[in-house]
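Data block below; observations after.
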Amino acid sequence: MPYRRGEGFEYLRKYPGLKKWIRTCICCGSTGYDPDLPEKLTRNWGQGEFATLAAQNIRKYFEPLRVNEQGICEICERLNHAF
Ligand SMILES: [Zn+2]
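Right, here's the structure in full:
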């Protein structure tokens, strides 16, 4: 199990703003991050933009998951097309 998803959800509870980068497939329920997640996320501390470790952490906890407009991941989409 290379991804520590449990810790990932814990992390998201602490930083709910990062949930906008998390995708969940409505079909199989698998969770991952939006592949469009930038290399570095920045945060404004009032003295300008600073890069945070958020993007790296998300990549550590989750695998990339692309979902279509219906919220269905590529794997489920392929399975649906097979029938
Ligand atoms: Zn799926």
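So the sequence shown is residues 566 to 648, counted in the numbering used here. Positions of the beta carbon are idealized from the N, C-alpha and C atoms, including for glycine. Please read all numbers here as calculations on a predicted model, not as lab measurements.
- When DSSP states are grouped into helix, strand and coil, residue 604 belongs to the coil group.
- Residue 598 sits in a strand when the DSSP states are folded into three classes.
- Here residue 588 is buried: its Cβ has 16 or more other Cβ atoms, across all protein chains shown, within 10 Å.
- Residue 588 sits in a strand when the DSSP states are folded into three classes.
- Exposure of residue 593 is indicated by the presence of fewer than 16 other C-beta atoms within 10 angstroms of its C-beta.
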